[in-house]
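Residue numbers (numbering that gives the first Met the number 0): 0 to 125. Remarks on the structure that follows.
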Amino acid sequence: MTKQNIQNRINYLRKELNKHNNHYYVKSQPTISDYDYDMLINELINLEKENPEFFDSNSPSQRVGNDINVEFKQIKHKYQMLSLGNTYSKQEIIDFDNSVRKTIGDNFEYVCELKFDGSCSAKSLT
């Protein structure tokens, strides 16, 4: 792939991802699956990593969190809310479990909760 082709692909991916971000976060009308979105953003991240001369601080790959929809007031949580990365295979789950066990031992349980796309909440009971 020539440098021009790479730059064209990067520009295309940025445009597509910005469009999908707008549909997902602002319009609440996703136009592609989470998996397809992840494939696009991962391709962009890899191309930008391999071709740093095309770096752009406004790239969707540089966005941290979601500041697209300003309808909701953002707050700072007392305890940081963390998220696991996306997983698409049984082996990734096994690897994650092995990593946890290596770090903290075997005395723990997993709790899984259903997450509706685009929302999260933190609750503190006292």
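Here a beta-carbon is modelled for each residue, glycine too, at the ideal position from N, C-alpha and C. None of the values given here were measured: they were computed from a predicted structure.
Which of the three DSSP states, helix, strand or coil, is assigned to residue i?
i	result
glutamine 90	helix
lysine 26	coil
asparagine 41	helix
asparagine 85	coil
glutamate 112	coil
isoleucine 31	coil
asparagine 106	coil
asparagine 50	coil
lysine 101	helix
serine 56	coil
Thinking residue i and residue j are a contact (beta carbons under 8 angstroms), I'd like their distance in whole angstroms, please.
i	j	result
serine 58	glutamate 47	7 angstroms
tyrosine 34	tyrosine 87	7 angstroms
asparagine 50	isoleucine 5	5 angstroms
So which of the options has the shortest CA-CA distance to residue i?
i	options	result
cysteine 111	Lys26, Ile92, Glu52, Lys14	Ile92
glutamine 3	Phe53, Gly84, Thr30	Phe53
tyrosine 36	Pro51, Tyr109, Glu15	Glu15
lysine 18	Ile5, Phe95, Leu39, Thr1	Leu39
leucine 43	Ser32, Arg62, Lys26, Arg8	Arg8
glycine 84	Lys75, Phe95, Thr30	Phe95
Between which two residues does the alpha helix (DSSP H) containing residue i stretch?
i	result
lysine 18	2-20
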